[in-house]
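In terms of the UniProt record's numbering, the sequence shown opens at residue 1 and continues consecutively.
Here the structure is laid out as structure tokens; the discussion comes afterwards.
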Amino acid sequence: MRINEPVTQRRVAVPRGATILSTTDPKGRITYVNEEFERISGYRHDELIGQPHNLIRHPDMPRTAFYEMWATLQSGRSWMGLVKNRCKNGDHYWVHAYATPILDARGTIVEIQSVRTAPPSEAAVERAAATYAKVRASEPDKGEVGPVPRPGRRFGLRERLLALLLPAPVAAVVASTAGLGTAGLALVTLTATALAAGGAVYLWRPLNAAVEEARLLIDDPLAEQLYTNRRDEAGRLRLAMLQLQTEMSAVPKRLASVTEQLQTVRNQAGEAIGEARSQAQRQTSETQQVATAMEEMSQSVQEVARNASMGAETSEQAQTQTHHGMQTVQQSADAVRELVERVRGSAEITHQLAQETDRIGAALDLIQQITEQTNLLALNAAIEAARAGEVGRGFSVVAEEVRVLADRTSSSTKEIKAIIDSLQEGTERAVAAMNESSERAEHTLNLSDEARGALEAINEAVSSMQEMSIQIASATEEQSATAGEVNRNINNIDQLAQQVQECTDRAGDRMETLTEEIDHAARLVRRFADQQ
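The following block contains the structure:
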């Protein structure tokens with residue numbers, strides 16, 4: 001058993017007319033409390049919901065009382081009793097409790113509703129406190145407990161009636177036996193007594209039937225003692241009447257609580273409907289804006305698709321032109337390569353010519369040397385011819401001719417030397433120019449190779465661009481189709497939003513009607529509750 005401490009033994013009075021309501025699941029976990037419950041107990045709403053109901057159990061309450069309560073509830077019947085509950089701060093409050101199990105269609109308990117009000121009297125509270133103390137003292141410290149021991153019954157109404165009728169016939173018999181009266185008087189007395197007894201029995205039978213019906217309604221001697229301070233037929237009847245009165249008052253009080261919850265739900269639903277109506281209007285506006293944007297996007301996508309198609313065609317043309325450029329560059333490279341070979345051949349020939357020119361120069365140098373020697377020999381021959389006189393005159397003429405020829409040869413050799421030198425310079429310049437041309441041609445060839453490589457890369461890039469353009473065109477076409485589908489869906493959503501708005505408008509109208517009905521029901525319930 002749960003022990004809730006500390007306790008202060010300070011009592012909190014439950015006001016007359018106050019109603020403490022709560023509901024629990026079949027395992028006793030709290031599912032609902034009203035504001036009065038929170039105010040009296042001192043617990044917050046979040047501290048109660050989901051917690052076991054024995055959170056408010058006071059240690060002074062005997063376990064057997066709750067055994068009786070749960071046994072009664074699990075049998076499908078309502079339970080009534082005086083209960084001492086503990087507040088959060090340790091104070092306590094006494095209540096007249098009435099608990100009812102709520103059954104589903106299969107007869108299974110789905111909820112337990114409890115209605116608590118102020119105790120009927122202080123005398124009942126005092127009797128309950130004293131009785132519970134005795135019961136707790138008799139309970140074991142540990143282990144399970146059973147039902148509350150039933151107190152012995154006093155003389156009932158039947159026994160009391162018989163006790164009232166018994167002295168008359170006894171006195172008549174004694175008087176007749178003692179000779180104190182006539183036999184006729186004794187006979188009359190006995191007859192009257194018999195008739196009175198028969199009348200009492202006749203009157204007792206319906207009363208006893210009512211008592212038995214009351215026992216079927218509630219059979220709780222402990223509650224009978226606490227509420228009525230009697231243990232006879234009158235106590236049973238009074239307890240049954242109290243049970244009926246409590247049930248009759250509990251129903252409208254529970255209905256009043258339900259109508260309050262309905263009013264709260266109605267207000268929340270009204271706010272939700274208003275918010276839904278506002279959201280539906282906003283959704284309609286935004287949906288229309290989205291539809292317009294989707295239409296513009298669809299047009300943009302179609303434009304992109306057209307541009308992508310044109311880009312694909314342009315890429316194809318660029319690829320064709322690039323391929324043609326690659327062929328042209330290849331032809332240029334081949335021509336330059338052939339030119340390089342020819343320049344190299346010409347340079348080789350020019351180089352050979354320079355070598356031959358060098359050999360001619362060497363031969364001219366040799367001729368120049370021979371000419372100089374010939375000129376020297378002619379001079380010596382002229383000198384010798386002059387010495388010979390007339391004999392050497394002819395030889396002198398020949399020597400002069402030889403000298404003149406040597407001079408002419410020397411002059412021609414110099415001219416040829418000058419020409420050869422000029423030719424060598426030109427040849428060297430030609431060789432240098434050819435070498436430079438060859439280098440430039442090779443550089444041009446390298447550039448042609450690079451250009452061809454660049455064109456190949458451009459061709460690959462253009463091919464990729466063409467493929468991408470085709471993919472973009474295809475994707476944009478799909479996107480255009482999707483955008484069209486989305487646009488249609490948005491239009492459908494817009495229509496649905498308008499329908500939702502119409503539904504919320506109708507729901508708002510119906511909520512106003514429901515509000516009027518709930519207010520009317522609340523007035524009826526309050527009026528019925530006030531009459532109890």
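For every residue, glycine included, the Cβ atom is placed at its ideal position computed from N, Cα and C.
This structure is a prediction, so every number in the text was calculated from the model and none was measured.
I believe residue i touches residue j by the beta-carbon criterion, under 8 angstroms. Please report the beta-carbon distance rounded to the nearest angstrom.
{"i": "N85", "j": "Y93", "result": "6 angstroms"}
{"i": "V402", "j": "T371", "result": "So it is not a contact: roughly 10 angstroms between Cβ atoms."}
{"i": "L226", "j": "R127", "result": "5 angstroms"}
{"i": "D141", "j": "T8", "result": "At roughly 24 angstroms, the Cβ-Cβ gap does not stay under 8 angstroms, so D141 and T8 are not in contact."}
{"i": "R344", "j": "S448", "result": "Actually they do not touch by this definition, with Cβ atoms about 17 angstroms apart."}
{"i": "R116", "j": "V95", "result": "4 angstroms"}
{"i": "T31", "j": "I49", "result": "7 angstroms"}
{"i": "N492", "j": "A291", "result": "No, N492 and A291 are not in contact; Cβ-Cβ is about 10 angstroms, not under 8 angstroms."}
Check each candidate in the options and name the one with the smallest Cα separation from residue i.
{"i": "T350", "options": "E372, R408, A430", "result": "A430"}
{"i": "Q113", "options": "Y67, P26, P62", "result": "P26"}
{"i": "I360", "options": "C87, R408, T246, I420", "result": "I420"}
{"i": "L377", "options": "S75, N491, V398", "result": "V398"}
{"i": "V14", "options": "E122, R63, E68, N89", "result": "E122"}
{"i": "E36", "options": "I20, Q51, G28", "result": "I20"}
{"i": "A124", "options": "R238, T228, I3", "result": "T228"}
{"i": "T100", "options": "R77, C87, V83, P119", "result": "R77"}
{"i": "L366", "options": "L379, N380, T413", "result": "T413"}
{"i": "S285", "options": "D358, L496, T64", "result": "L496"}
{"i": "A129", "options": "T72, P59, E111", "result": "P59"}
{"i": "R29", "options": "Q51, R387, T482, R11", "result": "Q51"}
{"i": "A240", "options": "E313, N489, G107, W79", "result": "W79"}
{"i": "T357", "options": "G426, R506, N446, H53", "result": "G426"}
{"i": "A272", "options": "S138, E303, D505", "result": "D505"}
{"i": "Q330", "options": "E478, Y132, G453", "result": "G453"}
{"i": "E313", "options": "E348, S463, L222", "result": "S463"}
{"i": "T482", "options": "Q299, T72, T287, R11", "result": "Q299"}
{"i": "L222", "options": "D509, F66, Q74", "result": "F66"}
{"i": "R306", "options": "A105, I470, R39", "result": "I470"}
Take the Cβ of residue i as the centre, count every other Cβ of all protein chains shown within 10 Å, and call the residue buried at 16 or more, exposed below.
{"i": "G81", "result": "buried"}
{"i": "L180", "result": "Any reading at L180 needs caution, since the residue's pLDDT is 47, under 50, leaving its predicted position unreliable; the model's value is listed next. Its Cβ having fewer than 16 others within 10 Å, L180 is exposed."}
{"i": "R57", "result": "buried"}
{"i": "D46", "result": "exposed"}
{"i": "H324", "result": "exposed"}
{"i": "H443", "result": "exposed"}
{"i": "Q352", "result": "exposed"}
{"i": "A406", "result": "buried"}
{"i": "E296", "result": "exposed"}
{"i": "Q243", "result": "buried"}
{"i": "D220", "result": "buried"}
{"i": "E68", "result": "buried"}
{"i": "W70", "result": "exposed"}
{"i": "L103", "result": "exposed"}
{"i": "E5", "result": "exposed"}
{"i": "M434", "result": "buried"}
{"i": "S396", "result": "buried"}
{"i": "E224", "result": "buried"}
{"i": "I472", "result": "buried"}
{"i": "V500", "result": "buried"}
{"i": "Q245", "result": "exposed"}
{"i": "M310", "result": "exposed"}
{"i": "A451", "result": "buried"}
{"i": "V404", "result": "exposed"}
{"i": "V110", "result": "exposed"}
{"i": "L64", "result": "Rather than Leu, the amino acid found at residue 64 in this sequence is Thr. T64 comes out buried."}
{"i": "S22", "result": "buried"}
{"i": "T108", "result": "exposed"}
{"i": "S41", "result": "buried"}
{"i": "E390", "result": "exposed"}
Let me check one thing: in DSSP terms, what residues is residue i bridge-paired to?
{"i": "P52", "result": "R29"}
{"i": "E79", "result": "Glu is not the amino acid found at residue 79; the sequence shown has Trp there. DSSP, once it has assigned bridges, lists A99 as partnering W79."}
{"i": "H92", "result": "R11, R86"}
{"i": "T24", "result": "I30, I112"}
{"i": "R306", "result": "DSSP, once it has assigned bridges, lists no residue as partnering R306."}
{"i": "T72", "result": "For T72, which the question treats as bridged, DSSP gives no partner whatsoever."}
{"i": "T117", "result": "H96"}
{"i": "R57", "result": "N85"}
Using a Cβ-Cβ distance under 8 angstroms, would residue i count as near chain B?
{"i": "D421", "result": "Reference to chain B is not applicable here, since this structure consists of a single protein chain."}
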